[in-house]
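Visitor:
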Amino acid sequence: MKNLPLLFCGIFFALAFSFSGLILSSNIQLGSLTQTTETVTPSEADPTVMVMAEGEPLYPRMPSGFAQQGKDVYISMGCVYCHSQQTRRADFGADIDRGWGRRQTVARDYITQGRVLLGTMRTGPDLVNVGGRALNAEWHHLHLYNPQITSKGSTMPPFAFLYETKEIQGTPSVDALNFPPNAEFGPEPGYEVLPTRRAKALVEYLLSLKINYSLPEALIPE
Amino acid sequence: MSNSPSESPYSANNDAVRAELSEIDASIRSASVFFVISAISWLMIGTVFALLAAFKSHEPDFANASEFLTFGRVRSAHLNAMALGWGNNVIFAVGLWIMARLCRAPIRHKGMLLIAGIFWNIGLTVGIFGILRGDITSVEWLEIPQYATPLLAISYALIGVWGVMAFRFRKGDHVYVSQWYILAGLFWFPWLYVVAQIMIIWFPARGVVQAVTNWWFAHNVLGLWLTPMALGTAYYLIPKVLGRPIYSYYLSVLGFWTLAIFYNWAGVHHLIGGPIPVWLISAGIVASVMMVIPVIVVGINHHMSVVGLHKEVWRSPTLRFIVFGAISYTLVSLIGSAMALRTVNQITHFTHFTIGHAHHGVYAFFTMIMFGGVYYMMPRLLKREWPSAGLIRIHFWGCAIGITIMVVALQIGGWIQGMEMNNAEIPFLDVVQHTIPWLKARSVSGVFLTVGHVAFAVNFFWMLFAAGAVRAKQGPTLLDDVKEGGVA
Chain A
1 MKNLPLLFCG IFFALAFSFS GLILSSNIQL GSLTQTTETV TPSEADPTVM VMAEGEPLYP
61 RMPSGFAQQG KDVYISMGCV YCHSQQTRRA DFGADIDRGW GRRQTVARDY ITQGRVLLGT
121 MRTGPDLVNV GGRALNAEWH HLHLYNPQIT SKGSTMPPFA FLYETKEIQG TPSVDALNFP
181 PNAEFGPEPG YEVLPTRRAK ALVEYLLSLK INYSLPEALI PE
Chain B
223 MSNSPSESPY SANNDAVRAE LSEIDASIRS ASVFFVISAI SWLMIGTVFA LLAAFKSHEP
283 DFANASEFLT FGRVRSAHLN AMALGWGNNV IFAVGLWIMA RLCRAPIRHK GMLLIAGIFW
343 NIGLTVGIFG ILRGDITSVE WLEIPQYATP LLAISYALIG VWGVMAFRFR KGDHVYVSQW
403 YILAGLFWFP WLYVVAQIMI IWFPARGVVQ AVTNWWFAHN VLGLWLTPMA LGTAYYLIPK
463 VLGRPIYSYY LSVLGFWTLA IFYNWAGVHH LIGGPIPVWL ISAGIVASVM MVIPVIVVGI
523 NHHMSVVGLH KEVWRSPTLR FIVFGAISYT LVSLIGSAMA LRTVNQITHF THFTIGHAHH
583 GVYAFFTMIM FGGVYYMMPR LLKREWPSAG LIRIHFWGCA IGITIMVVAL QIGGWIQGME
643 MNNAEIPFLD VVQHTIPWLK ARSVSGVFLT VGHVAFAVNF FWMLFAAGAV RAKQGPTLLD
703 DVKEGGVA
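The listed protein sequences derive, respectively, from chains A and B. Going letter by letter, the first sequence gives residues 1 to 222 in the working numbering. Going letter by letter, the second sequence gives residues 223 to 710 in the working numbering.
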């Protein structure tokens, strides 16, 4: 091959082609998605235009500031390498059958997130709707402190370094973890385990992960 | 076919040509040796992180006192040390050296190249330390924190431009297939890296556009950076060592352009079933299946170039590694195309199958070929031979056995994991438990790989520092008992 301009053009356009086709066009298609109400109806003036209902809440919601801080902890611990955040449709995999979500997640569900953590690995379960499951803050704290307490046989590493063990001064703290009786995991008598601010933020974030609303393009089945 | 223009550009039997090559080698020696030392150092560091991560995946309580060594950070430190530390440094060493030789032009201003290389490694050290202390971005293949990436990008630009400049000032107008691959890789990588950094980290695109960009980038690091460099190396060294030309020029052209056109669309298959438009995913699947064309073409071309010379291949350390890598390329790519099909992906997605596949590509293909490249390059740069054939054998068998165990274990284990995960009757914790024996097998494979890497490092530093003892040796180091002159 001696025609160098052709070689250069080929090398350039090969990548320019997929850059336009995948990156620019997905940005054109999805880059201007906005929040919406759960349902939309045809406008009276022009039936080809869909309008949102007045006064209805907009989805997806904006996350709270404290949950955002928790997301930073989630990112700094690399949780995404074992936990995805996406639900696939009902007949593709068992995401919905396993109770990981009530409906398929769609592009609009992610528009209020700064960094999108879809994930590609499920060493642990999917978390996109973990806040919608019957797991409270206490369960999450025990699970993060040592996963064996709540999920015997799990391969998740303990995040005990997000907790402090302190001598009980007077009355026990309201924040202290409630270990199950006879558990081998609890602190010495006279001591208590307290979540640090980072642990509280992380749990706040996990509880905020909820897909409990419909979108016009993705209704929660009755 | 032997009169085709893809003939290895010059035969090393000619004294004038040997003198010219020797001059080129001398011009790039200090930079290339620096890059190989860096690459092997990162390989060892990456191996330590790999062992830690592998062990932690079935012993979750191991080494968890501090958050520095939590699984998510250690596996990311491993990935970046291997991809940007081992992978990029060895490419800078072997790829630029091949480029300089094929352009028949001694490189200029080698001091600048060396300085850029030093800054690349400083940036990477800062980045890996940043990952461990918690500044990890949690974006796959882009974990290095924001404060280290500009330094990496600038150093890369200064290094990559050397390859382009060598090409610009080349002598003669013949351009060999390895030069297309290396030139294209040098041009594609910064484009991918800068776009991914801007659209995901610096000025994040909205929502899942980030994920599309992420997988366009991450899959192309393999497809448009590691793959062209490894193929360019194989295309250069197979004819060099065997002393006969590549089988077909036309297959080389076809293989190069189909790779260039199809590979860069394929990455979206990592998002099959995900919350992105289906047409994007379909485009990714089509491209992934079309990859069968370049893979078969390159496979035929390489196979026909070595056919009948299997004894020589087995004797030559260089070719033993390169042929292992080339066979792996065919296998891993065909498996990859199959994994992109929706019915298969439904099972393999989100499982250890993908981890096995990634190591099949980056290790069994790319890394094995680059080992071969280092075995060929170092004696020519240092003008001395590898001290120990035994250590080369240990290196080869440690790596060959290790990576085979790893790929087989993770793919069987991952397939079972996927089948069970898709059956909601099976409790999730049972699925987790059933992966543990396979993860333990992976830890065993890690021990084999570590033995191989240590043998490689010992042999390399022995060659580098114990110069007097090694220089006197007669003829190249080959892997059989009868020492004959010729190939290495």
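Idealized CB from N, CA, C, for every residue including glycine.
Which residues, taken in chain order from the stretch 66 to 81 of chain A, show a beta carbon closer than 7 Å to some beta carbon of chain B?
Guide: Those would be I75, S76, M77, G78, C79, V80, Y81, in chain order.
Visitor: Please name the residue or residues paired with A:A218 in a DSSP beta bridge.
Guide: A:L215.
Visitor: B:S538 to B:I627, Cα distance in whole Å?
Guide: So the alpha carbons of these two residues sit roughly 24 Å apart.
Visitor: Could you check whether the stretch 427 to 437 of chain B touches the stretch 568 to 586 of chain B, counting it as contact only if at least three pairs of C-beta atoms, one from each stretch, sit closer than 8 Å?
Guide: No, they do not touch.
Visitor: Whose CA, out of B:R564, B:S504, B:N311, lies closest to the CA of B:F341?
Guide: Per the Cα distances, B:N311.
Visitor: What are the start and end residues of the beta strand (DSSP E) that includes B:G540?
Guide: The sequence given here places Thr at residue 540 of chain B; Gly does not occur at that position. Unbroken run through B:T540 is the alpha helix (DSSP H), 539 to 561; no beta strand (DSSP E).
Visitor: Applying the criterion that 16 or more other CB atoms from any shown protein chain within 10 Å of the CB defines a buried residue, is B:S230 buried or exposed?
Guide: At B:S230 the pLDDT is 41, less than 50, meaning the model places this residue with poor confidence and gives no usable figure here.
Visitor: Does B:R295 have its Cβ less than 7 Å from a Cβ in chain A?
Guide: Chain A, which has a Cβ nearer than 7 Å to the Cβ of B:R295, makes this yes.
Visitor: I'd like to know whether the C-beta of A:S18 is nearer than 7 Å to at least one C-beta of chain B.
Guide: So yes, A:S18 belongs to the interface.
Visitor: Pair every Cβ in the stretch 581 to 599 of chain B with every Cβ in the stretch 539 to 547 of chain B, then say whether three or more of these pairs are closer than 8 Å.
Guide: Output reads yes: the stretch 539 to 547 of chain B touches the stretch 581 to 599 of chain B.
Visitor: Given a cut-off of 7 Å, decide if B:S527 and B:I460 are closer than it, judged by their beta-carbon atoms.
Guide: Their beta carbons are under 7 Å apart, which means B:I460 touches B:S527 by this criterion.
Visitor: Using CA coordinates, which residue listed in A:P172, A:W100, A:G78 is at the minimum distance from B:R295?
Guide: With distances taken between Cα atoms, B:R295 lies closest to A:G78.
Visitor: Tell me the rounded alpha-carbon separation between B:G708 and B:F284.
Guide: In this prediction, B:G708 has a pLDDT of 44, which is less than 50 and means its spatial position is unreliable; what the coordinates show is noted afterwards. Each residue's Cα considered, the two are about 50 Å apart.
Visitor: Within 10 angstroms of the Cβ of A:R88, are there 16 or more other Cβ atoms? Answer buried if so, exposed if not.
Guide: By the neighbour-count rule (16 or more Cβ atoms within 10 Å), A:R88 is buried.
Visitor: Residues of chain B with a CB under 9 Å from the CB of A:V203: which are they?
Guide: Near A:V203 there are no residues of chain B at all, since even the closest Cβ is about 16 Å away, more than 9 Å.
Visitor: Provide the residue(s) that pair with B:F593 in DSSP beta bridges, ordered along the chain.
Guide: Bridge partners of B:F593: none, in fact.
Visitor: Taking C-beta pairs closer than 8 Å, name the residues in chain B that A:P125 reaches, listed in chain order.
Guide: By Cβ distance, chain B contributes F650.
Visitor: Out of B:W501, B:E647, B:S470, point me to the one whose CA is closest to A:I96's CA.
Guide: Of the candidates B:W501, B:E647, B:S470, the one whose C-alpha sits nearest the C-alpha of A:I96 is B:E647.
Visitor: Using a Cβ-Cβ distance cut-off of 7 Å, determine whether B:F409 contacts chain A.
Guide: So, interface residue.
Visitor: Residue range of the beta strand (DSSP E) that A:E192 falls in?
Guide: Run containing A:E192: 191 to 195, per the beta strand (DSSP E) assignment.
Visitor: Would you kindly work out how many angstroms separate the C-alpha atoms of A:T41 and B:L405, rounded to a whole number?
Guide: The straight-line gap from Cα to Cα measures roughly 55 Å.
Visitor: Following the continuous alpha helix (DSSP H) through B:P659, name the residue where it begins and the one where it ends.
Guide: Note, B:P659: alpha helix (DSSP H), 650 to 687.
Visitor: Shortest alpha-carbon distance to B:P649 belongs to which of A:Y145, A:T112, A:L22, A:R98?
Guide: Of the listed residues, the one whose Cα sits closest to B:P649 is A:R98.
Visitor: Around the Cβ of B:H331, are there at least 16 other Cβ atoms within 10 angstroms (buried) or fewer (exposed)?
Guide: Exposed, because fewer than 16 other Cβ atoms sit within 10 Å of the Cβ of B:H331.
Visitor: Residue range of the beta strand (DSSP E) that A:M52 falls in?
Guide: Per DSSP, A:M52 belongs to the beta strand (DSSP E) from 50 to 52.
Visitor: Could you pull the start and end residues of the beta strand (DSSP E) that A:Y163 belongs to?
Guide: Note, A:Y163: beta strand (DSSP E), 163 to 167.
Visitor: The ligand SAH and A:L118: does any heavy atom of the ligand fall closer than 6 Å to the residue's C-beta?
Guide: Only the bare structure without any ligand can be found here, which leaves the ligand SAH out of the picture.
Visitor: Over the uninterrupted alpha helix (DSSP H) stretch that includes A:V40, give me the two end residues.
Guide: Here A:V40 belongs to no alpha helix (DSSP H); instead the beta strand (DSSP E) covers 40 to 42.
Visitor: Against chain B, with Cβ distances strictly below 7 Å, would A:G101 count as a contact?
Guide: For A:G101, the answer is no, since every Cβ of chain B falls outside 7 Å of its Cβ.
Visitor: Enumerate in chain order the residues of its own chain whose CB-to-CB distance from B:M199 is below 7 Å, with the five nearest sequence positions on each side excluded.
Guide: Given that chain B is displayed from residue 223 to residue 710, the structure contains no residue 199 of chain B and the question cannot be resolved.
Visitor: Going by the CB atoms, is the gap between B:A238 and B:W264 shorter than 7 Å?
Guide: No.
Visitor: Which bits of chain B does A:M156 rub up against, with CB to CB less than 7 Å?
Guide: What A:M156 touches in chain B: P282.
Visitor: Flag B:P372 as yes if its beta-carbon sits less than 7 Å from any beta-carbon of chain A, otherwise no.
Guide: It does not; no Cβ of chain A falls within 7 Å.
Visitor: How do the stretch 555 to 571 of chain B and the stretch 631 to 641 of chain B stand: do at least 3 beta-carbon pairs fall below 8 Å, yes or no?
Guide: Judged by Cβ distances under 8 Å, the stretch 555 to 571 of chain B makes contact with the stretch 631 to 641 of chain B, as three or more pairs qualify.
Visitor: Interface residues of chain B around A:G190 at Cβ under 9 Å?
Guide: The contacting residues do not exist; A:G190 stays about 23 Å from chain B at best.
Visitor: With B:M334 as the anchor, note down where its alpha helix (DSSP H) starts and where it stops.
Guide: Looking at the DSSP string, the run of the alpha helix (DSSP H) that includes B:M334 is 332 to 352.
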